[in-house]
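Peer 1:
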Amino acid sequence: MQEDDTLGGGGSGALVGDNPRRRRRTAQRRPGREERSLACLIQALEGRRVVVELRSDIIIRGLLDEADEFLNLSMTDATTQNVAVSSLC
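Mind the numbering: the sequence shown is residues 748 to 836 in the working numbering, read in order.
(1) Quick one: is Gln-801 buried, meaning 16 or more other Cβ sit within 10 Å of its Cβ, or exposed?
(2) Where Asp-804 and Thr-827 are concerned, what is the direct C-alpha to C-alpha distance, given to the nearest angstrom?
(3) DSSP three-state label for Gln-828, please.
(4) Report the CB separation of Ala-791 from Ile-807 in whole angstroms; it is logged as a contact under 8 Å.
(5) Between Leu-818 and Cys-787, what straight-line distance do the alpha-carbon atoms span, to the nearest angstrom?
(6) For Glu-793, which residues in the same chain have their Cβ closer than 8 Å to its Cβ, ignoring the five residues on either side in sequence?
(7) Helix, strand or coil, according to DSSP, for Arg-776 in the structure here?
Structure follows, in structure tokens:
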């Protein structure tokens, strides 16, 4: 007779052997990069008017046509505005 090496019936996350720190990952899957990034949020804004502020202190306002998984944006009716940065010192 062979013994089962899992405690509790062997479901997802069941303990293996006598070591409670070791867990079995049978049904768990790590989501892909595209599921863990904010690119899907930006892609949900396609067809809406958006405001994008760049690191170089430029603001772009326009209609978001397309956004890819690398956050490359395609916009129409876009206008740009330089933001003057005032120093506090």
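Just so you know, even glycine gets a beta-carbon here, dropped at the ideal spot from N, CA and C.
Peer 2: Short version:
(1) The sequence given here has Leu at residue 801, not Gln. Classification of Leu-801: exposed, given that the 10 Å Cβ count is below 16.
(2) 10 Å
(3) strand
(4) 19 Å between Cβ atoms; not a contact.
(5) 9 Å
(6) Leu-811, Asp-812, Glu-813 and Ala-814
(7) coil
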